[in-house]
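There are 2 protein chains.
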Amino acid sequence: MAASTSIVKRLLVGRPFRSDRLGRELLPKRLALPIFASDPLSSVTYATQEILLILSLGGLAFFHLAPWVAAAVVVLLVVVVLSYRQVVQAYPSGGGSYEVASKNLGRSAGLVVAGALLVDYIMTVAVSVAAGVDNIISAIPALNAYRIPLNIGFIVVLTTLNLRGVRESGRAFAIPTYLFVAGVLLMIVVGFAQTLAGSAPVAESAGWSIQPEEVGLSGLVLVFLVLRAFSSGCTALTGAEAISNGVPAFRKPKGLNAARTMTAMGVLSIVMFSGITVLAMISQVRVAENTCDLIGFTGNCQTDPQRTVIAQIAAAVFGGGNSVLFYYLQGTAALILILAANTAFNGFPLLASILAQDRYLPRQLHTRGDRLAFSNGIIALAAIAGVLIYVFDGSTTRLIQLYIVGVFTSFTLCQIGMVRHWNRELGNADSRAQRRRIQRGRIINAFGACFTGLVLIVVLLTKFTHGAYLVVIAIPLLYLLMRAIHRHYQQVHDELSPDEPSSLLPSRVHALVLVSTLHKPTLRALAFARATRPDSLTAITINIDDAETRELQRQWDEYGIKVPLKVLESPYREITRPVLRYIKHVRGENPRDIVFVYVPEYVVGRWWENVLHNQSALRLKARLRFEPGVMVASVPWQLRASRGRELRRPRNLPGDVRRGISPPGQQEPR
Amino acid sequence: MAASTSIVKRLLVGRPFRSDRLGRELLPKRLALPIFASDPLSSVTYATQEILLILSLGGLAFFHLAPWVAAAVVVLLVVVVLSYRQVVQAYPSGGGSYEVASKNLGRSAGLVVAGALLVDYIMTVAVSVAAGVDNIISAIPALNAYRIPLNIGFIVVLTTLNLRGVRESGRAFAIPTYLFVAGVLLMIVVGFAQTLAGSAPVAESAGWSIQPEEVGLSGLVLVFLVLRAFSSGCTALTGAEAISNGVPAFRKPKGLNAARTMTAMGVLSIVMFSGITVLAMISQVRVAENTCDLIGFTGNCQTDPQRTVIAQIAAAVFGGGNSVLFYYLQGTAALILILAANTAFNGFPLLASILAQDRYLPRQLHTRGDRLAFSNGIIALAAIAGVLIYVFDGSTTRLIQLYIVGVFTSFTLCQIGMVRHWNRELGNADSRAQRRRIQRGRIINAFGACFTGLVLIVVLLTKFTHGAYLVVIAIPLLYLLMRAIHRHYQQVHDELSPDEPSSLLPSRVHALVLVSTLHKPTLRALAFARATRPDSLTAITINIDDAETRELQRQWDEYGIKVPLKVLESPYREITRPVLRYIKHVRGENPRDIVFVYVPEYVVGRWWENVLHNQSALRLKARLRFEPGVMVASVPWQLRASRGRELRRPRNLPGDVRRGISPPGQQEPR
């Protein structure tokens, strides 16, 4: 069985990579931009739509507010880009928000940021894949029936690719981003040109009306709706900090190049987001949170999906749903969204590995798998994101409610951390120019902290009941879990660190050989035990059936075995208790005596054959682990059927040759 | 966790029993009869009904054939009782059909009988419990909604009682049988008296008519229907061999007493079965396989159940459904049926244990549990019977189709075996009287063999498509499984039996201590390894992270540890392969060298804490079992949190005092 799972693993994951293949190629800006910015740029595909969806709750009348909401989002984008330009220059090591918060605000803040980021990476996968599938369905409506399978399928593909060790820095990943950006910019230019030429694009839904969910909004309620729309629009900011985690991959001067790439990303985001929003207004796109509120919607509003805003604009601008450019835009939009999910497949396991190294997460997340990817982290991420997509029916809008809290938690704490950073730097500043630079940075980050903090509060207030509460629960839980894990590791470490340089030798070694019947494994165990020259050597057997015990004693004499056979009575037909009692008796009063228990075992060929053999030895071994001063040695006897059934890696791996050790021969002990 | 499951087990199962409590009290005939005959006597509750149900397929017109079918069943009963009288006298050891077939017809026949009996025991539980519930529902119709839960509930109760070690020979079990027999006999007498007095009992269904499923039956088809009715009537014979398994429990002369009890059982069965059948005719009970075929049935024929035949007769004789005697009869009928199921809870595990001792079934079935019951067998029986009841909706009629094949397979093979037995005996016979006795026995058993064989064929032909095919598949499968298990045990035994009296000592012992970090468990493992005075002692570590390995080497020097630390390179970041390679290198060419691998481990307090620690050592240990000449010793270090968390039996068991060993103190190695 082990061998067959191994084959499956090889087929899926491929041949293992050597550790020394790990190494980073440095990226020029023109490659770094598309690679790190696929996540933030991809969010323009859904940000406008999310604003309109919320405004639709008040009916068509509120759509005119959309540009204002979008303008607020753009301002926020400028602030965040400016703030993170400071971060990448001050912390070029790639630790990002986690590092800034940990170093400036302490452990706890760092862990909160870490929890927020972990949640965020998960949501990036879920939302991006769901939005990608949305855009595919907008192009090919027949696929709507396979929404969930398509979502899960993409996650499986991403998982497999990443387990196989696809690198974030792959140049091939740069192309789709540029293709997408080019497509969107072309659409904006063409759309604006058409408008100026007097033949403004008209969306397929332009004639539809919307049945408001809430009528006669005014005062505070209206403000609340607008704020909610703004919160949804903030999805345009997700992924903005991806570049801050990628600084080490930039060419020198790393910080400056990263800052410039940050600016380029910000400008592109703003242009595309604004352009799409304005085109949505011009072409009079209508969408509604509840499809059945759309008066004029053709098709079954219970089952058929609305087309995404970007698909409607593309269809309007590029002339109907049949043009090549329409399919090009939808294709690249889906592609960049899947790529955005892929960045989380790089980010999550890396962050988890750093947290595991700092002992805040289970150690297994720290180790790299066969293909140098952090396999456990990748699998964990895929599993959680898959469950979320399944639970939320693959609905982008519903998933997005969970998305923004984490983003702004880490934004805010990062900016506060930066303010502290500048305060400290100010003390060490020498020149006037330096002081001025630091003060400017401090102002930017302080403003960023206030602004993002405010947005965080708005997001919390407006989205709490719409799903954000799950994140509000998840982040503190993650925080507590990480603290508990750390405490556990620390306790174990403290307890295990050696206090004196050398350990005392045990005074006497008592060897006990567990005997059930007199067969070859027993004889081998006796021989092995004698080879260790113990101070005392006793064979022990448990008397459960008088006749069997008498027969064993008879054989013992017949074979003339020198080792004394001690019969332990077991009136309740159990193995563990009499052995424990005897061990305590043997060790007696001397705590420095140790007892070596030899358990003869035989290894069967097929796993199901284990069912046919008693597992009492297993239970005994498990129990003896709790006994101080007791060591358990398994003496296996390999039945013929078991030979060649052990787990084996495929032969002829490059490592074998270089090792200089002769390949394993058929060596039998006899 | 271990401790809490232990507590649950104690609550359910009770305190363990000492082995020496096992011992049989000998039974006088007046107790042996009810104890062993509850199974055969209980079958009269459903035998008449099953005949009528089949005849109903042809419509009311064929009900007049019921007495003839019943007469054939009575003849069969006489034959079987006479045959088994011979068996109990010839084989008083209690092995029953399995012993007779094994000894006279060889292994294979014995195993077929064993398979048939195992199936039979399972069906006894399923059918008896289902029929018991039927009779309860006939008395209290409101319980019909809870048919399946009631069935499962009774099985759970029986399982628990038997796991607690309820003994078949409990005197309390004799009472219900007598109460039931008294009730049925009273009903027959009263019913006949009423008939003679001119006011014959009239069943509630007397006025109903039956819509025939098959109309215009004649010729072969009619014969087939009658034969099918006869097959169903043969359920009256189930359990007839229970006494032959209980002979050792009889007082001396065991054989003769058992034979007399057999006769008493036969007479009672015949009287009750005939009486019930005649009363059913007199009172004109109408039942149909499909309730909706009953014209006149009040209630919803899709959901409401028909009353059992015995319930209808009792109601007719004892005056309506409200009389105390009606409830008395239904109550005792249900009780004796549950008791009949209980006999299978004794028989199945005992047979499984005998088969396990002969190595035809997994060894675990051989051992007695805490309360001296064969726990694993009891649980297996309950599980399979429960599944059958669930799958067949607790329908007695549908379950009964699976019942009779097994019974007659074992009857037939047993009788053939007896003929062989007599043939052999005839050769050893001295006196004329003895020869005559043997010849008489031979005639009886030969006749029995022919008759039961014929019935087996009839049953197979008429019931095959109605469910019996399942048994026709199950018995050969069981047979093949038992052969395969035996072959496996035999192979292992042959391969493991020692060929020379003493085993050679290993020439050299190499000790390897697996080191990941330098902490107390490592130091202890080093000390323990040194205490065994090996020929060579090396500490090995796997280099996965260069920095960590360098730190380990630094500490190694700092602490001045004398043992050399060997670093194994692992370019693919795995543990097992480099260790295996090194072990092969160390053992070199000498097959008599052994390698002792010491694995330092620490034992955490709570089970979930294991998640936080790498399991690589576990995988390595599992893999090393396949390596010849390698022994793995776990050196556990008990973390403080693990103390007192080991599985513990409740204190103050009688065994502790008698042992003469001081109770375990707090002994720490330091």
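Just so you know, the protein sequences line up as chains S and V, in that order.
Position one of the first sequence corresponds to residue 1 (the numbering used here), numbered consecutively onward.
Position one of the second sequence corresponds to residue 1001 (the numbering used here), numbered consecutively onward.
Glycine is no exception: its CB is placed at the ideal position from the N, C-alpha and C atoms.
Unbroken beta strand (DSSP E) stretches of 3 residues or longer found wholly inside the region 567 to 604 of chain S: 594 to 603, given in chain order. When Cβ-Cβ separations below 8 Å define contact, F374(S) makes no contact with chain V. When only Cα atoms are considered, Y1390(V) and V1125(V) end up about 13 Å apart. For Q638(S), at least one C-beta of chain V is nearer than 8 Å to its own C-beta.
When only Cα atoms are considered, I1594(V) and L1639(V) end up about 31 Å apart. Taking the Cβ atoms as the reference, V459(S) lies roughly 11 Å from L402(S), outside the contact range of under 8 Å.
Only exposed fits I175(S), as fewer than 16 other CB atoms lie within 10 angstroms of its CB.
Between A288(S) and I400(S), the C-beta gap is not smaller than 8 Å, which leaves the two residues out of contact. N300(S) carries a coil assignment under DSSP once its states are collapsed to helix, strand and coil. For G219(S), the closest alpha carbon among the candidates A531(S), V407(S), G58(S) is that of G58(S).
Following the DSSP letters along the chain, one finds N543(S) in no alpha helix (DSSP H) but inside the beta strand (DSSP E) bounded by residues 536 to 543. In the DSSP assignment, V1278(V) falls within the unbroken alpha helix (DSSP H) covering 1254 to 1282. DSSP places I561(S) outside both helix and strand once states are collapsed to three, so it counts as coil.
The Cβ neighbour count for S1097(V), taken over all protein chains shown within 10 Å, is at least 16; the residue is labelled buried. By the Cβ rule, the region 1123 to 1143 of chain V counts as touching the region 1327 to 1335 of chain V, because three or more pairs are nearer than 8 Å. Closer than 8 Å to the CB of Y1572(V) there is at least one CB belonging to chain S. The C-beta distance from V69(S) to A229(S) rounds to 5 Å, short enough to fall under 8 Å.
In this structure, the straight-line span from the alpha carbon of L454(S) to that of A259(S) is close to 25 Å. Within a 10 Å sphere around the beta-carbon of G1320(V) sit fewer than 16 other beta-carbons, which makes this residue exposed. In the assembly as shown, L1480(V) is an exposed residue. Its beta-carbon has fewer than 16 other beta-carbons within 10 Å. Using a CB distance below 7 Å, the part of the region 582 to 594 of chain S facing chain V consists of K584, H585, R587, P591, R592, I594, ordered along the chain. For Y602(S), the nearest beta carbon of chain V is closer than 8 Å to its own beta carbon. By the CB criterion at 8 Å, T1462(V) and F1224(V) fall inside the cutoff. Under DSSP, the beta-bridge partners assigned to I1295(V) are S1209(V).
Excluding five sequence positions before and after V202(S), the CB atoms of its chain that fall closer than 8 Å to its own CB belong to S283, Q284, A316, given in chain order. Put simply, the CB of R530(S) is near chain V, with a gap under 8 Å to one of its CB atoms. For A1066(V), the closest alpha carbon among the candidates E1558(V), S1232(V), V1100(V), I1140(V) is that of S1232(V).
Using a C-beta cut-off of 8 Å, the region 253 to 267 of chain S makes no contact with the region 488 to 501 of chain S, since fewer than three inter-stretch Cβ pairs fall below that distance. Interface with chain S (8 Å Cβ-Cβ cutoff): P1349(V) is excluded. Listed in chain order, the positions of the region 532 to 557 of chain S with a beta carbon within less than 7 Å of a beta carbon of chain V are T532, R533. The beta carbon of M1631(V) falls within 8 Å of a beta carbon belonging to chain S, placing the residue at that interface. In this structure, the CA atom of A1641(V) is about 11 Å from the CA atom of Y1602(V). A straight-line Cα-Cα distance of about 14 Å links K566(S) and Q555(S). Under DSSP, F1250(V) forms a beta bridge with L1027(V). If the five residues before and after T235(S) are omitted, its C-beta is found closer than 7 Å to the C-beta atoms of S43, Y46, A47, E50, I400, Y403, I404, all from its own chain and listed in chain order. Counted as a single uninterrupted DSSP element, the stretch harbouring W637(S) is not any alpha helix (DSSP H) but the beta strand (DSSP E) occupying residues 630 to 638.
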